[in-house]
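Asker: The opening residue of the sequence shown carries number 45 in this note's numbering; numbering runs sequentially from there.
Just so you know, even glycine gets a beta-carbon here, dropped at the ideal spot from N, CA and C.
Following this message is one structure expressed as structure tokens.
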Amino acid sequence: MTAARAAGSELKSPADQFAQDATTAVAGGGDRAFEEAVAPLVPLLLRYFARRVTPMDDAADCTSETLVALWKHRSRLPVVDDERRAWAYGIARKVLSNHHRGRARRDRVDEALRTAAVLTPVEAVPDEAFIAAEAVKLLPARDQELVRLVVWEELSIAAAGRVMGINPGTARSRYARALGKLRLAYRAIDS
Numbered sequence: 045m046t047a048a049r050a051a052g053s054e055l056k057s058p059a060d061q062f063a064q065d066a067t068t069a070v071a072g073g074g075d076r077a078f079e080e081a082v083a084p085l086v087p088l089l090l091r092y093f094a095r096r097v098t099p100m101d102d103a104a105d106c107t108s109e110t111l112v113a114l115w116k117h118r119s120r121l122p123v124v125d126d127e128r129r130a131w132a133y134g135i136a137r138k139v140l141s142n143h144h145r146g147r148a149r150r151d152r153v154d155e156a157l158r159t160a161a162v163l164t165p166v167e168a169v170p171d172e173a174f175i176a177a178e179a180v181k182l183l184p185a186r187d188q189e190l191v192r193l194v195v196w197e198e199l200s201i202a203a204a205g206r207v208m209g210i211n212p213g214t215a216r217s218r219y220a221r222a223l224g225k226l227r228l229a230y231r232a233i234d235s
């Protein structure tokens with residue numbers, strides 16, 4: 045027995061560490077019984093998803109979603125190991141189904157955007173637009189967002205203020221000040 049094990053702090057494999065971290069995160073450190081019951085399932089669930097999803101990075105996300113569902117329904121968590129494992133796989137199957145539906149939706153949207161991009165000619169962007177974009181980056185963050193909402197998203201100043209959670213009068217005065225700062229920044233970059 046090593047000194048670390050004798051001290052009670054076992055060296056853990058990455059999968060074991062993931063299992064502990066994931067169950068503790070889901071349980072919030074407040075339900076030791078849940079953590080102990082679910083920790084052995086984490087590597088099994090991770091393998092289940094790794095064999096079924098691409099990219100493989102999504103396997104950890106699906107495992108986390110399954111753990112959250114197990115936590116939400118922890119009062120129904122079976123006591124017997126085999127039943128608990130089967131129940132977890134049943135939930136994992138639903139998570140996997142949701143994952144595939146979401147992936148299919150994203151693929152359809154991606155294809156529609158690619159098709160639209162091919163059909164829509166891209167306008168040449170003048171140098172002034174690049175200089176203006178760089179000048180906007182020099183503004184304080186709240187001013188950047190206000191200018192972008194008004195100029196890029198074509199919102200009224202009052203509507204942009206509502207988006208940002210500020211009243212219309214404040215938005216108008218901030219926007220006026222931001223335009224002044226923007227003119228100075230633009231001149232500094234352009235010269």
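#1: Can you check which of these residues, GLY209, ILE201, PRO122, is closest to TYR219 by C-alpha distance?
#2: Which word fits THR214, buried or exposed, when buried means at least 16 other C-beta atoms lie within 10 angstroms of its C-beta?
#3: Skipping 5 residues on each side, what residues in its chain have a beta carbon closer than 7 Å to that of GLU198?
#4: Cα separation between ALA104 and ALA232?
#5: What does the alpha-carbon distance come out to for the pair SER217 and LEU157?
#6: Determine the DSSP secondary structure at MET208, reduced to helix, strand or coil.
#7: Let's test the definition: count the other Cβ atoms within 10 Å of the Cβ of VAL153 and tell me whether it reaches 16, buried, or not, exposed.
#8: State whether the region 107-124 contacts the region 76-83, with contact taken as three or more CB pairs (one from each stretch) at a distance under 8 Å.
#9: With three or more beta-carbon pairs closer than 8 Å as the criterion, would you say the region 134-149 touches the region 183-199?
#10: Tell me whether TRP196 sits in a helix, a strand or coil according to DSSP, three-state version.
Answerer: Reading off the structure:
#1: ILE201
#2: exposed
#3: none
#4: 47 Å
#5: 38 Å
#6: helix
#7: exposed
#8: yes
#9: no
#10: coil
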